[in-house]
Every structure is written in C-alpha cells, then in structure tokens.
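Undergrad:
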Amino acid sequence: MSVLSVRDLHVTYQTQGGEVPAVRGVDLDVERGEVLGLAGESGCGKSTIAGAVLRLLPPRTKVEGAVLLDGEDVLTMRPGRLRAVRWAGASIIFQGAMHALNPVRRVGDQIAETIVIHDQADERDARMRAGSLLEQVGLPSRRIDDYPHELSGGQKQRVMIAMALACSPSLVIADEPTTALDVMVEAQVLALLKSLQVELGLAMLFITHDLSVLVEVADRLAIMYAGKIVEDGPAEKVFFEPRHPYTEALAAAFPEIGDQRFRHNPSGLGGDPPDPQDVPPGCPFHPRCPVAFEPCPTVDPRLFPAGEGRRAACLLLEGTLTEARGGAT
Amino acid sequence: MKTPPIEPSAAPVMLEEPPPPPPTTGPRRIAWARRRRSFARVARTYRRNKMGMAGLIILAFFIAVALLAPLIADREGLDPTSPVTGMPFQAPSWQFPFGTDNLGRSVLTLTIWGARISLLVGLLATLISMVIGSLVGIVAGYRGRLTESLLMRLTDWFLVIPFLPLAIVLASLLGRSMLIIIMVIGITSWPSTARIVRAQTLSVKERPYVERARALGASGWHLVTRHILPNVGPLIFANTILTVAIAILSETTLSFLGLGDPLSISWGTILESAFGSGAATAGNWWWLLPPGLAIVFVVLAFTMCGFALDEILNPRLRQR
Amino acid sequence: MRGYLIGKVAQALLTLVFVVVFNFFLFRVMPGDPAALLLRGSAAFNPDTLEQVREDLGLDEPLPAQFVTYLGNTVALDLGDSFFARGRSVNTVIAERIWPTLLLVGTSTIASAIIGLIIGIYGGWKRGSAFDVGSLGFTLFVYSMPEFWFGILVLMAFAGGVGPFPAIFPTGGYETPAAGLTGLAHWVDVLNHLVLPFFVLTVAYLGEYAIIMRNSLIDIMGDDFITTARAKGVREKHVLWRHAVPNALLPTMTLTILSLGFVFGGAITIEYVFSWPGLGWLTVQAIDAKDFPLLQGLFLLFSGAVIIANLIADLLYAYLDPRVRAG
Numbered sequence: 490m491s492v493l494s495v496r497d498l499h500v501t502y503q504t505q506g507g508e509v510p511a512v513r514g515v516d517l518d519v520e521r522g523e524v525l526g527l528a529g530e531s532g533c534g535k536s537t538i539a540g541a542v543l544r545l546l547p548p549r550t551k552v553e554g555a556v557l558l559d560g561e562d563v564l565t566m567r568p569g570r571l572r573a574v575r576w577a578g579a580s581i582i583f584q585g586a587m588h589a590l591n592p593v594r595r596v597g598d599q600i601a602e603t604i605v606i607h608d609q610a611d612e613r614d615a616r617m618r619a620g621s622l623l624e625q626v627g628l629p630s631r632r633i634d635d636y637p638h639e640l641s642g643g644q645k646q647r648v649m650i651a652m653a654l655a656c657s658p659s660l661v662i663a664d665e666p667t668t669a670l671d672v673m674v675e676a677q678v679l680a681l682l683k684s685l686q687v688e689l690g691l692a693m694l695f696i697t698h699d700l701s702v703l704v705e706v707a708d709r710l711a712i713m714y715a716g717k718i719v720e721d722g723p724a725e726k727v728f729f730e731p732r733h734p735y736t737e738a739l740a741a742a743f744p745e746i747g748d749q750r751f752r753h754n755p756s757g758l759g760g761d762p763p764d765p766q767d768v769p770p771g772c773p774f775h776p777r778c779p780v781a782f783e784p785c786p787t788v789d790p791r792l793f794p795a796g797e798g799r800r801a802a803c804l805l806l807e808g809t810l811t812e813a814r815g816g817a818t
Numbered sequence: 009m010k011t012p013p014i015e016p017s018a019a020p021v022m023l024e025e026p027p028p029p030p031p032t033t034g035p036r037r038i039a040w041a042r043r044r045r046s047f048a049r050v051a052r053t054y055r056r057n058k059m060g061m062a063g064l065i066i067l068a069f070f071i072a073v074a075l076l077a078p079l080i081a082d083r084e085g086l087d088p089t090s091p092v093t094g095m096p097f098q099a100p101s102w103q104f105p106f107g108t109d110n111l112g113r114s115v116l117t118l119t120i121w122g123a124r125i126s127l128l129v130g131l132l133a134t135l136i137s138m139v140i141g142s143l144v145g146i147v148a149g150y151r152g153r154l155t156e157s158l159l160m161r162l163t164d165w166f167l168v169i170p171f172l173p174l175a176i177v178l179a180s181l182l183g184r185s186m187l188i189i190i191m192v193i194g195i196t197s198w199p200s201t202a203r204i205v206r207a208q209t210l211s212v213k214e215r216p217y218v219e220r221a222r223a224l225g226a227s228g229w230h231l232v233t234r235h236i237l238p239n240v241g242p243l244i245f246a247n248t249i250l251t252v253a254i255a256i257l258s259e260t261t262l263s264f265l266g267l268g269d270p271l272s273i274s275w276g277t278i279l280e281s282a283f284g285s286g287a288a289t290a291g292n293w294w295w296l297l298p299p300g301l302a303i304v305f306v307v308l309a310f311t312m313c314g315f316a317l318d319e320i321l322n323p324r325l326r327q328r
Numbered sequence: 079m080r081g082y083l084i085g086k087v088a089q090a091l092l093t094l095v096f097v098v099v100f101n102f103f104l105f106r107v108m109p110g111d112p113a114a115l116l117l118r119g120s121a122a123f124n125p126d127t128l129e130q131v132r133e134d135l136g137l138d139e140p141l142p143a144q145f146v147t148y149l150g151n152t153v154a155l156d157l158g159d160s161f162f163a164r165g166r167s168v169n170t171v172i173a174e175r176i177w178p179t180l181l182l183v184g185t186s187t188i189a190s191a192i193i194g195l196i197i198g199i200y201g202g203w204k205r206g207s208a209f210d211v212g213s214l215g216f217t218l219f220v221y222s223m224p225e226f227w228f229g230i231l232v233l234m235a236f237a238g239g240v241g242p243f244p245a246i247f248p249t250g251g252y253e254t255p256a257a258g259l260t261g262l263a264h265w266v267d268v269l270n271h272l273v274l275p276f277f278v279l280t281v282a283y284l285g286e287y288a289i290i291m292r293n294s295l296i297d298i299m300g301d302d303f304i305t306t307a308r309a310k311g312v313r314e315k316h317v318l319w320r321h322a323v324p325n326a327l328l329p330t331m332t333l334t335i336l337s338l339g340f341v342f343g344g345a346i347t348i349e350y351v352f353s354w355p356g357l358g359w360l361t362v363q364a365i366d367a368k369d370f371p372l373l374q375g376l377f378l379l380f381s382g383a384v385i386i387a388n389l390i391a392d393l394l395y396a397y398l399d400p401r402v403r404a405g
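Residue numbers (our numbering), protein chains in the order written: chain V, 490 to 818; chain P, 9 to 328; chain X, 79 to 405.
Below you can see the structure in the form of structure tokens.
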C-alpha cells in the first residue's frame, strides 16, 4: 500500500475575484522509502497539493477527491483524528523558514511542542529529543534555546527539518525547502535531506520548480502544469528522455549559479503559465508548445502510457492520436 | 493605434492607464485628463462601498440641515424673550417636538441651528490642521536629513502631549470664542496628518517618475506641486475627513467644559447649558438626547466616509 | 539593548524638558496680565496692589531671570500657589485630589484594556463573523459618541432615574456626604459611587483597545508560522492563544499605552459629570476660576504621566520581544 495516494484531486479557491481552480484532477502515489519529485512553475498547483494533504488550505476552499495517507482518507477525517495525523502521519517542511517559525518562542520549544502534542513524551524528554534531533541535522544541541532570529537561513531550515522528523512521520512533504537559500547552503541542505531520507527510510514528496535539484534527490518525478500532471515516471528517465514538450523545455534549460532568471522562468520558454481562472481550451500547454499541431487547441489530453512506469499527457505520443480522436476530450 | 476613449468605460478597474492620446494636446491636458479618469474610477469604487455611501447620505442630510437652517427653523426661536418660545423644561409635544430648554426655547430649533457652528468649527479647524500638517509632512519628507529630524521631533512631541489638557490650557488662556477654539483644535491636531503625509511623501519620492523628473532638472517646487502633491493629495483628503470627525468631537468637549463662546449655539454649548441646568438629574432627556445624537451621527458619518476612502486610496490596505 | 534603553530614557527626559519650557512660555508670553487676572473683580484692584502682586509673582524681573527661577522651582517641584485655593500651594491641592483619579482611571483602564483586548482577539480570529461585525459596529458607535454625553445619559438613567430606568446609584461625588462611614462601610460607599463613572469610562475606551488588537491579530494570522502551528497538529484554541496572541500582543501593548493620553482627556470630562473629586474635576474648576498656576501644574502632571507611560511601554516592549532584547 502506498504511503500517500491521491485520487482525482480537485482544489478550487474561493476569492474575491471568483473561483480559482488550482488543482484540476491529480492522481499520484508515493511509496514507502521513495522520493517523488513534483515540479512545475509558480501557479501550477503544486504547493496547493502540499496544503491539501494535511487540510491546511483556507477555510472555504473546495477540495474534492481522495487523499489517502496510509490508507485513511484525510479529507473525510474527523478533526480529532486529523490533528493526530498531522505531523505524526505526515509532516511538512515549508519554504522560506524565514517566517515559518514562531518569532517569540525558542526553537527547542517549538520542536518539543510537536512531540508533546502527539503524546510521544513528556516535556522534559521532549526537549532532550529536540536536542538530539538538532544534532541529527547538523546543529549543536544547545541551539534549542535559541530564538529563530538568532539563526541563519540555512540553520532555520535545518530546524524545520528536525521539527518535521520529530514525530517519526511516514511521509515528509518538502515544499520548496531550498528556494529561499543561497546556492551553497542549498546544496548542503539537499544533501542533508537525501541522507536523512535514506537513513530513515522516509517517503518524501519533494515539491520544487527547480528540476535540476530533483534529478539528484528524487526516485520518481511528476511534472505539473496548469493544475494537472502532464508527465510522470522514473526520475532519470523523465529528465533525460522527456516525453512531454513541457518537460523537455524544463529539463533543457541550463541554469547558471545564482541566475535569478532561472528561478522565475525555469523552462526558458516564452510566455507565462496560464491564469488558473483562464486556462486555454484543449491542451493547456498548446499556446507555448513548440511542437503543437492541429488537434492540440481542441483536445485536452489525459495521461497516456509512455513507457515502462511512465505516463505523459501529450497527443504526440505514438498510437495516442487515434485514441484521442476516438474518445478522449 | 486606436485612441482610447477619455470617458470612463464599463471595463473592470485596471491598475495601469491606457496610453495617453497623441501629443496634439499639451502635457497639462494629459495630466488632467488622467486625473479626471482616476477620480471617476475612485468615485465608482466608492459607490460600491456600502459603509461609505451610508456615511455620505447621512452627511448630506446634516449639511443640508445646517445650510437650510434659516428656512426650516425660526431664528426667533433662539431668542428667549421672543413670543415664539414656550414654557421652560417642557417635555416633547406637538408644538415643540424636542421639548424646550431652561429658557423655553425649542430644542429642535436649537439643535438645527447648532449644526451650523458645530460643522463650521469642525471644518475650519480641520482646514488649519490639514494645511499645517501637509506642509510639515511634505517638507519633512522631501527635504529629509536635519529638517526632517527636527520637524518629526516636533511632531512626535505634539503627539505625546495629551490633547485635552493642552487644548484646555491654550483655550483658557486665550479667551472664550469660537475662533480661539478653531485655532486651538487646528494647532493641536496637525501632527497625525503630518505623520501620514510624510510617510506617503517618502514613498512617492522614491518612485521612478520622480527620479526621472529630477534627472531632467526639475526644480523642487515643480517636483512638489506636479508630482508629490497630486499623489499625496488623495491620502490627505481621506485623512482630512477623519480629522473633521475628531475636530467636531473636540469642539463639543471644549464647549461643554465652558471654553466655548457662551453666546453662540453649537451642540456642545447646548449640552453645556443642559448639564449646567441640572437636566441630567432632573431627567430632561429631550434636551440632552437630540444634540448628542446629532453629534454621534455626524461623527459616525464622517468616520465611515473616511474609512471607506482610506480603504480605496491607501495602497497598503488594498492588499489585504 | 542597553543603548536602546538609554536612548528611550533620554528621549523621554527631553520631551519632559520641552513640556516644562513650553509651560513657561505659555503663561508668561500669553496676552493678559496675570496679576490683573488674579485681582480682577476683587476690591483690592488698584495700581499699588497690582504692583505688589506682580512683585510677588516675580513678574517684574526680566524674562530670562523669570525663566531661570521657574526652572529652579519646577525641578524642586515647587509649582507655586493656587489662585483660587487662596494661599495653598498647587502641590497640596493636587495631592488632595490625586487618589480619586488614580482609583477611577486605574480601575477603568485595566477593565477597559482586558475586555477590549479579548473582544479584539475574538473579533480578529473570527473575522467577518457576526461577532466581529457587531463589535466593530459597536466600537464605531461608541467612538463617535462624546464620552461625557454617554456619562450624562448614564447618570440620568441610573442616578436620576428617568422613564423605565431605576435610580439606584448616587448622583455624584466620592462618598455620601456627612455620613461619617469608616472601614468597610466606607469602602462600600465609595465603591457605590464609583460604579457609574467606572462603567462609563470603561465602555468609552474599550473600543480602541479592541480595534488595535483585532488589526494586530489579523496581521499575525497572515504569517506562515500560524500555518506551521496548524500543520503540527496544534488545536485551534492553542494556535490562537499560544502562537497568534503572544505575537499580536507586542505591538498592541505599545499602542494601548499610547492611548493613555486620551483616557486622561476622558477622565477630565467624566469626573466633571459625576462630580468625582479627582484631578479631572479639579481641572474644570481651575478653568472656571482662571487659576493658572494650578492649570500649569495639572498640565505638567498629565503630560508627565503620559510621557512616563510611553517610556514604560517602550521598556516593556524591549523586555518582552526577544528580537529587541538581543540586539
């Protein structure tokens, strides 16, 4: 059984400007001990998925589908069960630990809080565990008495990682964990994450816009565009032999160290990702696609088989053309 | 390229303006056309704001009452010796809908006429406050360095001093008249305007078009009048509305404490004579309620309008 | 941190000095002859007595000399003699009337702050709810109301008794005159007299605190660490009270103490309405009597109190916010 199983997830935000469908039908699985990388540009819906897994989205957001964590559907859990599952079943490492930590409490207390909430220890033992967790992420244990502002960006992120591991969750979701960091620090934190994941046998959902990072860390890759997954499969295969034009563009862009442009436009493609409220008809990628052809503006491709354990949502895949014409919309 | 229409269209509110018409009209005309459009856009957004519209309606009502006072309330009714007046301390009746005061005057007449002084004092005091505050704020924000430090020190000092004790001290020294009250309120309430104006001036100063103008050799005067003032203006206006509310409350309080002109009729002086004549313990609610309610509604109206405008014009609030 | 503290104390002292200087010039440079004002309406109003009084007040000295004398006196806390309480020093008069004000303003400020903050917390937490909208509306209404008018209505209703309202409280004063009560009976009597002005002063200002806290809390709720707290499985109640409120409390506290200046203003009018024998009513009496030394002294006292309150707020903030404490 997969640790995380998302089935036909639809997430629609309610805003002053109307409804915003951020996720439009996503299936994904993360197996035990496996790292699934979820990549895409800003606004494609990947962070929304992270929020949906633990039901952390704004109050009136419409969430449909199923999110199975160790077999239990998170979306239908009662509040008590949800709170128990939060952090102990799955935890999140947020991006920009700048503000993700409470500024007026010591970091050790914040880590210990999770342990105490989930009844895994009393306060004193929890603090000791917090100390050893910090050691595990490469920080001296005396740092448990520090306040967040006394730590550097990289150190704060390590604290976030330590905190995420505190209750021994089955799944760790890393939501852009290194985006706000310098390149050198980023490398260290990535190495730390990978080694911990392997050592503890964690299942991990690694969300980022930076594909090059995922090649090293992820076992499998899923590429998102406009609220849907457009390609998935084994990481190396997807990266080096992409089957979807979007993946190809993402993978082909060669970032330079410290190149800010890459962060904002990782694909190197012209144009912008579509506004979720105004997704193009047919294949949502077709306006920017270098190889779009006649049926693309009218037929929205689903995920077709594209090799062993691989799928891609592109009409160019062999044998799919007739299939698309025949039934899919 | 098509020339975009000058009239506001039904299109949704945009942050960027469409490109200006070709330069057959001068730069001043372009700027004013843009300002007209901007004003129309704000007016449209304002109309959709329920709180703002409610406030505006109430305000219009009271201003009408104040302006039409000679028509709707007999001036004779203010003279206690006039035959129009009735018996003192009378509860409301058909003849005197709000009852009478200790001199037999109709409270309704008093309240209507009181609107004039109360509103006038509020508006004039605010004018003084706004002018001083804007001047200080713009000069401090624009000049920076020592001037800014000194001016802001002065502003902060004024802000710390509790308003009523200061106003009392000033007014009691200078004498009892509405003019004094206007000046005292004006002099003591400019600091908060100055603060807001300075903050806005600082942010406008940094904007690209100001830098460009400076690079092109624009003089300080030109920068202030053509660039800074028009951009700080709307915020000053919203703040002014809120200040009027406070000014009206201040006049009421100062008059109530006996610092106003004993011969003029304002809602504050009505309350002063009412309380002084023991209306509270005697239970003469008809004398106490109308002027107080009038104050509440007018201040409420100004505050609602001010909040609505602030929401629309204040760039920081819009993000929420 | 120490630099911060020293800076704040220095600032407060400087402001205090400004107030003292301002006070001096206000009364010496204003139009009108203080001696004439003092003697006005009295039988002794003639050139010789005027001359004598002027000499007594030190008005015949050149201005700089007057200023130095004034400064010396102020530092020694000699604020001169009151005009209307013939011959008694300003200090004595103030000392007699300070306790009732402390009692009234102290208790109502605490009550006002606590109730106001709690309303603000719940309003901000349940933003847009019926409670929030209702409390905002109530706050707006109270804000638009002259607090003394509210006091008058309450006095009329519950002390004078009008219409359906019962006259169950005294119409003013600190205690029942000539009752000669002592001990517990005395305190109960005082409490009885305190109820109405306390109620009015509390209600008049709790809206300010509510709005300050509400806005602060809404600001905080947009921060990421709140999401982190929820993700960790913290109960909503604790997310509010253990994570949001401590952070929202810091800026709130400063703003709250800063609004103390307005509370003093309210105290003046409310004490007057309820004949509460404190510094507020004293101020109004001083206005009527044109007792300038007394007014000067009161102004100094009020300003000083607000300045010190601000200083305390700054110091408290520095102590409580770990970010300021460190650097």
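A virtual CB, placed ideally from N, CA and C, is assigned to each residue, including glycine.
Everything numeric in this text was worked out from a predicted model, so none of it was measured.
Between residue 505/V and residue 283/P, what straight-line distance do the alpha-carbon atoms span, to the nearest angstrom?
TA: 50 Å
Undergrad: For residue 722/V, report the span of its beta strand (DSSP E) as first-last.
TA: 717-723
Undergrad: Take residue 22/P and list the residues in its own chain whose beta-carbon comes closer than 7 Å to its own, dropping the five residues that flank it on each side.
TA: With a pLDDT of only 45 at residue 22/P, under the threshold of 50, the placement of this residue in the model should not be trusted, and no figure is reported.
Undergrad: Are the CB atoms of residue 395/X and residue 328/X nearer to each other than 8 Å?
TA: yes
Undergrad: When DSSP labels each residue in this structure, what does residue 292/X get in the three-state scheme?
TA: helix
Undergrad: Assign residue 686/V to buried or exposed, taking buried as 16 or more other Cβ atoms, counted over all protein chains shown, within 10 Å of its Cβ.
TA: buried
Undergrad: Kindly list the residues whose CB is nearer than 7 Å to the CB of residue 213/X, restricted to its own chain and excluding five residues on each side of it in sequence; keep chain order.
TA: 197, 201, 288
Undergrad: Under 9 Å, CB to CB, which of the residues in the region 163-185 of chain P have a partner in chain X?
TA: 164, 165, 167, 168, 169, 170, 171, 172, 173, 174, 175, 176, 177, 178, 179, 180, 181, 182, 183
Undergrad: In chain X, what lies closer than 8 Å to residue 251/P by C-beta?
TA: Within 8 Å Cβ-Cβ: nothing; residue 251/P doesn't reach chain X, min ~14 Å.
Undergrad: How many Å lie between residue 711/V and residue 42/P at the Cα?
TA: Roughly 49 Å between the two C-alpha positions.
Undergrad: Which residues mark the beginning and the end of the alpha helix (DSSP H) in which residue 200/X is found?
TA: 168-203
Undergrad: Determine the DSSP secondary structure at residue 142/X, reduced to helix, strand or coil.
TA: Annotated three-state conformation of residue 142/X is helix, per DSSP.
Undergrad: Quick one, which of 207/P, 268/P, 256/P has its alpha-carbon nearest residue 241/P's?
TA: 207/P
Undergrad: For a contact defined as C-beta to C-beta under 7 Å, what are the partners of residue 619/V on chain X?
TA: Within chain X, no residue comes near residue 619/V; the closest Cβ sits about 13 Å away, beyond 7 Å.
Undergrad: Under the three-state reduction of DSSP, which class applies to residue 89/X: helix, strand or coil?
TA: helix
Undergrad: By the 9 Å beta-carbon criterion, what residues does the region 618-638 of chain V contribute toward chain X?
TA: 636, 637, 638
Undergrad: Give the residues from the region 529-543 of chain V that approach chain X closer than 7 Å (Cβ to any Cβ), ordered along the chain.
TA: So the list reads 543, given in the order they occur along the chain.
Undergrad: In the DSSP assignment, the alpha helix (DSSP H) including residue 783/V goes from what residue to what residue?
TA: For residue 783/V, there is no enclosing alpha helix (DSSP H), as DSSP marks it with neither H nor E.
Undergrad: Going by other Cβ atoms of all chains shown within 10 Å of its Cβ, with 16 needed for buried, is residue 11/P buried or exposed?
TA: Per-residue confidence for residue 11/P stands at a pLDDT of 39, beneath the threshold of 50, marking its modelled position as unreliable; the derived number appears in the next sentence. Taking a 10 Å sphere around the C-beta of residue 11/P, we find fewer than 16 other C-beta atoms and assign the residue as exposed.
Undergrad: Can a CB atom of chain V be found closer than 8 Å to the CB of residue 209/X?
TA: no
Undergrad: Since residue 592/V meets chain X, which of its residues come closer than 8 Å, beta carbon to beta carbon?
TA: 303, 325, 400, 401
Undergrad: Would you list the residues sitting across from residue 503/V in a DSSP beta bridge?
TA: According to DSSP, residue 503/V bridges with 508/V.
Undergrad: Along chain P, which residues have their Cβ under 8 Å away from the Cβ of residue 368/X?
TA: 180
Undergrad: With the cut-off set at 8 Å, would you say residue 96/P and residue 111/P are in Cβ contact?
TA: Cβ atoms of residue 96/P and residue 111/P: closer than 8 Å.
Undergrad: Between residue 718/V and chain X, is there a C-beta pair that is closer than 8 Å?
TA: no
Undergrad: Between the region 229-244 of chain X and chain P, which residues of the former have a C-beta closer than 8 Å to a C-beta of the latter?
TA: 230, 231, 233, 234, 237, 238, 239, 240, 241
Undergrad: When you compare the region 250-261 of chain P with the region 117-133 of chain P, are there three or more beta-carbon pairs, one atom per stretch, that lie closer than 8 Å?
TA: The region 250-261 of chain P is in contact with the region 117-133 of chain P.
Undergrad: Can you name the residues of chain P whose CB is closer than 9 Å to the CB of residue 373/X?
TA: 173, 176, 177, 180, 181
Undergrad: What is the rounded straight-line gap between the Cα of residue 274/X and the Cα of residue 195/X?
TA: 22 Å
Undergrad: Less than 7 Å between the CB of residue 267/P and some heavy atom of the ligand ADP, yes or no?
TA: For the structure depicted, the ligand ADP is absent and the ligand set is empty, with no information on it obtainable.
Undergrad: Quick check: is the beta carbon of residue 201/X nearer than 8 Å to any beta carbon in chain V?
TA: no
Undergrad: Between 228/P, 40/P, 68/P, 47/P, which has its C-alpha nearest residue 313/P's C-alpha?
TA: 68/P
Undergrad: What are the boundary residues of the beta strand (DSSP E) that residue 552/V is part of?
TA: 551-558
Undergrad: Anything in chain V within Cβ reach of residue 330/X, meaning under 7 Å, just list it in chain order.
TA: Here the premise fails: no neighbours, minimum Cβ distance about 13 Å.
Undergrad: Decide if residue 350/X is buried, meaning its Cβ has at least 16 other Cβ atoms within 10 Å, or exposed.
TA: buried
Undergrad: Please confirm whether residue 799/V and residue 716/V have their CB atoms less than 8 Å apart.
TA: no
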